[in-house]
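Chemist: Next up is a structure, given as structure tokens.
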Amino acid sequence: MGSTVGFSGEVTLPVDGDYIVQVYQMKKSAQRNRAVSFNLDLQILDNKK
15 MGSTVGFSGE VTLPVDGDYI VQVYQMKKSA QRNRAVSFNL DLQILDNKK
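Under the working numbering, think of the first position of the sequence shown as 15, with each following residue one higher.
So this is what it looks like as structure tokens:
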């Protein structure tokens, strides 16, 4: 997910484990020392059947 794939996505992960979410800033914006805002929405679902 990101600038080349799209700005939203859905990922199914294993039930157990440790997860890392990485957020990055585009290179040109970072080089100009610009502050940017973003939203990060996470949802954990219990899909037991």
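Quick reminder that beta carbons are idealized off the backbone N, C-alpha and C, glycines included.
It should be emphasised that the depicted structure is a prediction, and the values quoted were computed from it without experimental measurement.
From residue 33 to residue 45, what distance separates their C-alpha atoms?
Modeler: Those two C-alpha atoms are separated by around 28 Å.
Chemist: Could you give the DSSP three-state label for residue 49: helix, strand or coil?
Modeler: Three-state DSSP puts residue 49 in coil, outside helix and strand.
Chemist: Hey, residue 3 and residue 25: beta-carbon distance below 7 Å or not?
Modeler: Look at the range of the chain in this structure, 15 to 63, and you will see that residue 3 is not part of it.
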